[in-house]
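Numbering (full-length UniProt numbering), first residue to last: 1 to 535. We put the CB at the ideal spot given by N, CA and C, even for glycine. Remember, predicted model here, so these are calculated numbers, not experimental data.
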């Protein structure tokens, strides 16, 4: 009795169709394919079943499942055939018995066009020949290719009857629906995972306090949630975009190239992002190796640019994404999600920069840009651990109050700002310049001995009048020096000793430098040759 004639087989067939209808809703794509192949093999009585899945990035079909003998699996698993070969050579109208069902006999020469085939070695027991093949095309409700279902070695040894062909059509339709549902569910699950990753990233933004920290998190989300193998994050600095996180492909990118790329018409699904060819973007004729992707949405030689825009649409940064795991250009929904990530990144950058600015203001003098005395002792104690010791240079502008009285506070502020510039110029790598308040300044010199500190003090004092000459004629500075190798003790002791040396310089008539000595004494620093005035 055949399935079309009723009885137990027909009941099993109907049960199988109902099971297939439910399969795609609650199973993965791989589990769905196994259920489809198992139904065809066990209910319809075919000894060999192969499932080919369409790969849109490569525009081909890959064999992902073979039920049958070991030789068939060894010969066919993971082999591929191009879409053109299968549809133009095998799935031709003259081989179509019913819509989507194709029957090829051993005498059809088109088998020779396939890269890999398998012919069973068992002898024919009916009119089905070992070289025969029955193929069902699986398509989505919208007509997009999903895969192919191939069967061989019927238990009856006969070619299918019209009723059995109708059964195969029904099974194929349900199989296509189940596969389409499973693929849609997988895509929906990925989008849910992306949204959860975005929510988690947003919740952690408050802890990130720098551009690099924010964009490291962005790159991690783009890699782990969106599936891009390469992500680089850039920030705008002047006329350039500079990489600060991720895998940088270039050291920097001209800003104008990015603006032109974002304005250039391209294949992106959303106006906020832009997919560009790397060779055009980098203005080079070099092209990466061909990766065999030929589909209409295939990712090949591309970069996806995701702009980070601040208020008024101003470009503040850029994400450059490459190597998506599915080998496809992102769809509109993915690009919208990437723009959500970009919006979060832009907001986080603004917060981190504002916080950094507040932190900078808390520890720096607004007028001169030097460190303030808020955490001077903590910084000094930390620097005092330098193995070669440390020296402290205290500076005070002589008769500064008269500048404000004679020229006004605006000129006084310019004088203080200029002194701040002078200290920065005299500070070496690792040195710290501080404005203690009013007209008093400090220079911390780790790794500097007494002789070096005395020389630094004299250079600074001698350079002051010329540096301020265009603002105030004849302005001088008094300086006090204390070196750890002479004074000993921690940071607080060094500050007290340098302060005492500074007041010794004031009592000695100002415009001179004094160095602290052991026992609380201070001595004048001998003046060296006058500095050469700048050209």
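Practice prompt. Buried or exposed for residue 478, please, with buried defined as at least 16 other CB atoms from any protein chain shown within 10 angstroms of its CB.
Written response: Counting from 1 along the chain shown, the entry for residue 478 is found at position 478. Buried.
Discussion item. If you reduce the DSSP assignment to three classes, tell me which class residue 138 lands in.
Written reply: Looking up residue 138 in the chain shown gives position 138. Note: residue 138 maps to strand in three-state DSSP.
Worksheet item: Is it a yes or a no for the region 423-437 touching the region 446-466, going by three-plus beta-carbon pairs under 8 Å?
Response: Contact between the region 423-437 and the region 446-466 is present, with at least three C-beta pairs closer than 8 Å.
Item to complete: Quick one: residues in its chain with C-beta nearer than 8 Å to the C-beta of residue 516, no 5 flanking neighbours on either side, listed in chain order?
Response: Within the chain shown, residue 516 is the residue found at index 516, counting from 1. So the qualifying residues of the chain are 480, 481, 482, 483, 486, 487, 497, 498, 500, 501, 522.
Worksheet item: Exposed or buried, which one is residue 519 when buried takes at least 16 other CB atoms within 10 Å?
Response: Stepping through the chain shown from its first residue, residue 519 is reached at position 519. Residue 519 is exposed by the Cβ-count criterion.
Discussion item. Run through the DSSP bridge pairs and tell me what residue 234 is partnered with.
Written reply: One-based indexing of the chain shown puts residue 234 at position 234. Beta-bridge pairing links residue 234 to 243, 318.
Discussion item. Counting beta carbon pairs with one atom in the region 193-202 and one in the region 41-51, are three or more of them shorter than 8 Å?
Written reply: No: fewer than three Cβ pairs fall under 8 Å.
Practice prompt. Tell me whether residue 519 sits in a helix, a strand or coil according to DSSP, three-state version.
Written response: For the purposes of this step, residue 519 is identified with residue 519 of the chain shown, where counting begins at 1. Helix, per DSSP.
Practice prompt. Measure the Cβ-Cβ separation of residue 258 and residue 318 and say whether it is below 8 Å.
Written response: Working through the chain shown from its first residue, we reach residue 258 at position 258. Working through the chain shown from its first residue, we reach residue 318 at position 318. A contact, by the Cβ cut-off of 8 Å.
Practice prompt. May I have the straight-line CA-CA distance separating residue 193 from residue 316, to the nearest angstrom?
Written response: Mapped onto the chain shown, residue 193 falls at position 193. Mapped onto the chain shown, residue 316 falls at position 316. Rounded to the nearest angstrom, the two C-alpha atoms are 27 Å apart.
Item to complete: Return the residue from the list 64, 57, 54, 121 that minimises the CA-CA distance to residue 31.
Response: Position 31 of the chain shown, counted from the start, is the residue given in the question as residue 31. It is 64 whose Cα lies nearest to the Cα of residue 31.
Discussion item. Assuming residue 345 and residue 308 are in contact, meaning their beta carbons sit under 8 Å apart, how far apart are those beta carbons, in whole angstroms?
Written reply: Start at 1 with the first residue of the chain shown, and residue 345 comes out as number 345. Start at 1 with the first residue of the chain shown, and residue 308 comes out as number 308. Right, their Cβ atoms sit about 6 Å apart.
Discussion item. Let me confirm a value: residue 371 is counted as buried when at least 16 other C-beta atoms fall within 10 Å, else exposed. Which label applies?
Written reply: Here residue 371 is taken as the residue at index 371 of the chain shown, counted from 1. Flag for residue 371 reads buried.
Worksheet item: Which full runs of the beta strand (DSSP E) of 3+ residues lie inside the UniProt domain "GGDEF" (388-518), going along the chain?
Response: With a minimum length of 3 residues, the continuous beta strand (DSSP E) runs that stay inside the UniProt domain "GGDEF" (388-518) are 390-397, 432-437, 440-446, 477-483, 513-516.
Worksheet entry | Among 369, 470, 469, nearest to residue 546 - alpha-carbon criterion | Any question about residue 546 goes unanswered here, given that the chain covers just 1 to 535.
Worksheet item: How about the region 148-160 and the region 182-191: do they share at least three Cβ pairs that are nearer than 8 Å?
Response: No, the region 148-160 does not touch the region 182-191.
Worksheet item: Taking the beta strand (DSSP E) that residue 170 falls in, what are its first and last residues?
Response: Working through the chain shown from its first residue, we reach residue 170 at position 170. From DSSP, residue 170 is part of no beta strand (DSSP E) but of the alpha helix (DSSP H) over 162-204.
Worksheet entry | Beta-carbon separation (whole angstroms), residue 469 vs residue 422, contact threshold 8 Å | Mapped onto the chain shown, residue 469 falls at position 469. Mapped onto the chain shown, residue 422 falls at position 422. Rounded, the Cβ-Cβ distance is 12 Å, inconsistent with contact.
Practice prompt. With a threshold of 16 other CB atoms inside 10 Å of the CB of residue 141, please say whether the residue is buried or exposed.
Written response: Along the chain shown, read from residue 1 onward, the residue named residue 141 stands at position 141. Label assigned to residue 141: exposed.
Worksheet item: Using a Cβ-Cβ cut-off of 8 Å (strictly less than) and excluding sequence neighbours within five positions of residue 323, which residues of its own chain qualify?
Response: The count along the chain shown starts at 1 and reaches residue 323 at position 323. So the list reads 228, 229, 230, 299, once near-sequence residues are dropped.
Discussion item. How far does the alpha helix (DSSP H) with residue 347 in it extend, from its first residue to its last?
Written reply: The count along the chain shown starts at 1 and reaches residue 347 at position 347. From DSSP, the alpha helix (DSSP H) with residue 347 extends over 332-363.
Worksheet item: Given residue 169, which residues of its chain have a CB within under 8 Å of its CB, disregarding the five upstream and five downstream residues?
Response: Along the chain shown, one-based indexing puts residue 169 at 169. So the list reads 98, 99, 100, 101, 136, once near-sequence residues are dropped.
Practice prompt. Check the C-beta distance from residue 304 over to residue 321 and give it rounded, since I have them as a contact under 8 Å.
Written response: Locating residue 304 in the chain shown gives position 304, counting from the first residue. Locating residue 321 in the chain shown gives position 321, counting from the first residue. By a beta-carbon distance limit of 8 Å, residue 304 contacts residue 321. Their separation comes to about 4 Å.
Worksheet item: Hey, residue 435 and residue 471: beta-carbon distance below 8 Å or not?
Response: To locate residue 435, count along the chain shown from 1; it is residue 435. To locate residue 471, count along the chain shown from 1; it is residue 471. No, the pair does not count as a contact, with Cβ atoms beyond the cut-off.
Practice prompt. Tell me where the alpha helix (DSSP H) around residue 260 begins and ends.
Written response: Mapped onto the chain shown, residue 260 falls at position 260. Taken as a continuous stretch (DSSP letters only), the alpha helix (DSSP H) holding residue 260 covers 255-263.
Discussion item. Residue 443 and residue 431 - do their beta-carbons sit closer together than 8 Å?
Written reply: By one-based count along the chain shown, residue 431 stands at place 431. By one-based count along the chain shown, residue 443 stands at place 443. A contact, by the Cβ cut-off of 8 Å.
Discussion item. Excluding the 5 residues flanking residue 449 on each side, which residues of the same chain have their C-beta closer than 8 Å to its C-beta?
Written reply: For this step, residue 449 is matched to residue 449 along the chain shown. Setting aside the 5 residues that flank it on each side, residue 449 is surrounded in the same chain by 388, 389, 391, 483, 485, each with a C-beta closer than 8 Å to its C-beta; the list follows chain order.
Worksheet item: Can you list, in chain order, the residues of its chain whose CB lies under 7 Å from that of residue 541, leaving out five sequence neighbours each side?
Response: For residue 541 there is no data in the structure shown, the boundaries of the chain being 1 and 535.
Worksheet item: At which residue ranges does the region 46-114 contain complete alpha helix (DSSP H) runs of 4 or more residues, listed in the order of the chain?
Response: Fully enclosed alpha helix (DSSP H) runs of 4 or longer: 70-76.
Discussion item. Taking only three categories from DSSP, how would you classify residue 120?
Written reply: For the purposes of this step, residue 120 is taken as the residue at position 120 of the chain shown. Looking at residue 120 - three-state DSSP - the assignment turns out to be coil, as it is neither helix nor strand.
Worksheet item: Could you give the distance in angstroms between the alpha-carbon of residue 297 and the alpha-carbon of residue 330?
Response: Locating residue 297 in the chain shown gives position 297, where the first residue counts as 1. Locating residue 330 in the chain shown gives position 330, where the first residue counts as 1. Residue 297 and residue 330: Cα-Cα distance of roughly 8 Å.
Item to complete: Decide if the region 90-97 is in contact with the region 173-184; the criterion is three or more beta carbon pairs, one per stretch, under 8 Å apart.
Response: Judged by Cβ distances under 8 Å, the region 90-97 makes no contact with the region 173-184, as fewer than three pairs qualify.
Fill in: Residue closest to residue 347, alpha-carbon to alpha-carbon, out of 407, 138, 310
Within the chain shown, the letter at position 347 stands for residue 347. Nearest in C-alpha terms to residue 347, of all of 407, 138, 310, is 310.
Worksheet entry | Inter-residue spacing [alpha-carbon to alpha-carbon] between residue 366 and residue 358 | Counting from 1 along the chain shown, the entry for residue 366 is found at position 366. Counting from 1 along the chain shown, the entry for residue 358 is found at position 358. Those two C-alpha atoms are separated by around 11 Å.
Discussion item. Cutting at 6 Å between CB atoms, please list the residues of its own chain near residue 120, excluding the five before and the five after it.
Written reply: In the chain shown, residue 120 corresponds to position 120, counting from 1. The beta carbon of residue 120 lies closer than 6 Å to those of 130, 153 in the same chain, with the five residues before and after it left out.
Worksheet item: What residue does the beta strand (DSSP E) around residue 302 start on, and which one ends it?
Response: Locating residue 302 in the chain shown gives position 302, counting from the first residue. Residue 302: member of the beta strand (DSSP E) spanning 302-309, first to last residue.
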